[in-house]
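To keep things clear, I will list the structure first and then write my remarks on it.
In UniProt numbering, the protein residues as written are 1 to 503.
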């Protein structure tokens, strides 16, 4: 693979050439973007260091193999139905590994690694390298050491970095449907765009239909199908890619019919399937983005099947999706997303914040240290959750469970289960540190009329043995304990006075 630079900025009427430097747009026109002037048009620039060593592209098939990787951009593909064990080590980042159902060992170095494994008892270490994504003047600037520099324009229809909605999404700042990770499915014009992606910055800012779906990795399936004159243009682009920087800027700015369709799909690796099926620039494409955002992390994506896996991703901004099995998962840094399957999983977060953990069915253990602002959703097992920092959110209301939860330093929110569906023991709950109990599930089966003055007819407290029991009526007219606040002596009036109840 050679060094490349793509620059989407060329005077109107210019034709695409076969040179390394491509461009289109109104180079001299300006439009208003926030409080500053910017060039009309949008950019997609990818620059690799010409002195960087690129690694191998290898199909190991269905045989057992042991590979030592060197350089960046390694791509290793195996037979996804094979049960042969494969061992892969090394690389300097931007590696993509897709293997089958063996007991695989994958230990990579650097950042921007994408690992997709089948069933098996796998051991995965995503590396500790970090990259940077900076939002400035309506663009996203990505840098990874001395290896890679990339710039995306950001015509995202967003209010800063806020999510445009969450429909069965897991993670932070996701829109669309079925996305897992961070910054996926944002700013799309059609509900068929930006769905079912796994990783970071996938399926954003698409127009047309059926663009930016089903990608795994980082910076895939973005800005497709924009600015076309006909609804028949700019569809089915940027889908099903695995890796980094694939399937971007396809099918834009066409003026005919049935133009710019089915580009940038099904690529595996780095920097493939970009800049296809584009016409000549017409209207400005712009939106709002937080000019002060600066994200640093590994941007790694790990997807494994069923089995008792061991997964380590300490660099931050990592996405981990595990199948069923008793998994051991270790994460670090910010904006991580972990989706664990069924099993007695053990998730440890070292110095984490703004991370999302969704547990399956089974008695799981989650232990998090760091600044807080984390989200944990329990499954149907009896889970043990330990938090630190402030502003954490724990949803323990998914099923009949008896969870044990250790709160952090304050301002934590605990979502309780419906009355009669188990109870949670909560340690470190404090009225004076801003902790809150979300009782919407607990009260949903009662006949409470929503009036605060009548709440005491449906919710009571009782102090027994130095702990506060929170009791709620059930749909059948009985009473059940929904939470035990350990080491407290709180009355219902005290909880109400400190705004500790969310009803």
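Idealized CB from N, CA, C, for every residue including glycine.
None of the values given here were measured: they were computed from a predicted structure.
Secondary structure of residue i, DSSP reduced to three states
i           : result
residue 567 : Because the chain in this structure spans residues 1 to 503, residue 567 falls outside the shown range and cannot be described.
residue 431 : helix
residue 51  : coil
residue 440 : helix
residue 419 : coil
residue 136 : strand
residue 504 : Here the chain comprises residues numbered 1 to 503, so residue 504 is not present and cannot be evaluated.
residue 217 : strand
residue 457 : helix
residue 69  : strand
residue 452 : helix
residue 492 : helix
residue 497 : helix
residue 253 : coil
residue 414 : strand
residue 201 : strand
residue 158 : Summary for residue 158: the model assigns pLDDT 36, below 50, so the residue's position carries little reliability, and this model does not support an answer.
residue 259 : coil
residue 122 : coil
residue 337 : strand
residue 353 : strand
residue 130 : coil
residue 243 : strand
residue 445 : coil
residue 234 : coil
residue 372 : strand
Closest Cα partner of residue i within the set the options
i           : options            : result
residue 402 : 414, 418, 422, 385 : 422
residue 358 : 257, 346, 350      : 346
residue 82  : 118, 110, 70, 68   : 118
residue 341 : 439, 130, 272, 305 : 305
residue 182 : 220, 150, 147      : 220
residue 308 : 295, 323, 298, 316 : 323
residue 105 : 487, 187, 313, 122 : 122
residue 62  : 86, 68, 236        : 86
residue 206 : 361, 226, 184, 404 : 226
residue 247 : 261, 256, 254, 47  : 261
residue 101 : 113, 108, 120      : 120
residue 89  : 211, 301, 80, 109  : 109
Local Cβ density within 10 Å of residue i, reported as buried at 16 or more and exposed below that
i           : result
residue 321 : buried
residue 386 : buried
residue 406 : buried
residue 354 : buried
residue 416 : buried
residue 335 : buried
residue 94  : buried
residue 259 : buried
residue 454 : exposed
residue 388 : buried
residue 51  : exposed
residue 146 : exposed
residue 563 : Only positions 1 to 503 of the chain appear in this structure, which leaves residue 563 out of reach.
residue 461 : buried
residue 318 : buried
residue 400 : exposed
residue 502 : exposed
residue 456 : exposed
residue 68  : exposed
Residues that residue i bridges to, as DSSP identifies them
i           : result
residue 462 : 469
residue 77  : 59, 98
residue 425 : 404, 484
residue 272 : DSSP output for residue 272 lists no bridge partner at all.
residue 328 : 310, 346
residue 303 : 116, 321
residue 386 : 367, 406
residue 505 : Only positions 1 to 503 of the chain appear in the structure, and residue 505 is not among them; the question remains open.
residue 181 : 171, 199
residue 150 : 46, 142
residue 377 : 358, 395
residue 107 : 89, 125
residue 503 : In the DSSP output, where bridge partners are listed per residue, residue 503 has none listed.
residue 479 : 473
residue 294 : 134
residue 266 : Paired residue(s): none; residue 266 is not in a bridge.
Residue i CB to nearest heavy atom of the ligand NAP below 7 Å
i           : result
residue 242 : Ligands displayed in this structure: none; no statement on the ligand NAP is therefore possible.
Check your understanding: Counting Cβ pairs, one atom from each stretch, are 3 or more of them under 8 Å apart for the segment 408-428 and the segment 474-482?
Key -> yes
Review point. Counting Cβ pairs, one atom from each stretch, are 3 or more of them under 8 Å apart for the segment 50-61 and the segment 73-90?
Key: yes
Exercise for review: Determine, using beta-carbon pairs with one atom in the segment 327-347 and one in the segment 133-141, whether at least three such pairs fall under 8 Å.
Suggested key: With a cut-off of 8 Å, the segment 133-141 and the segment 327-347 do not count as touching, because too few Cβ pairs lie within range.
Review point. Is it a yes or a no for the segment 356-370 touching the segment 195-207, going by three-plus beta-carbon pairs under 8 Å?
Key: no
**Study point:** Cβ contact check for the segment 241-249 and the segment 261-275: 3 or more pairs under 8 Å
**Key:** Taking 8 Å as the limit for Cβ pairs, the verdict is that the segment 261-275 does touch the segment 241-249.
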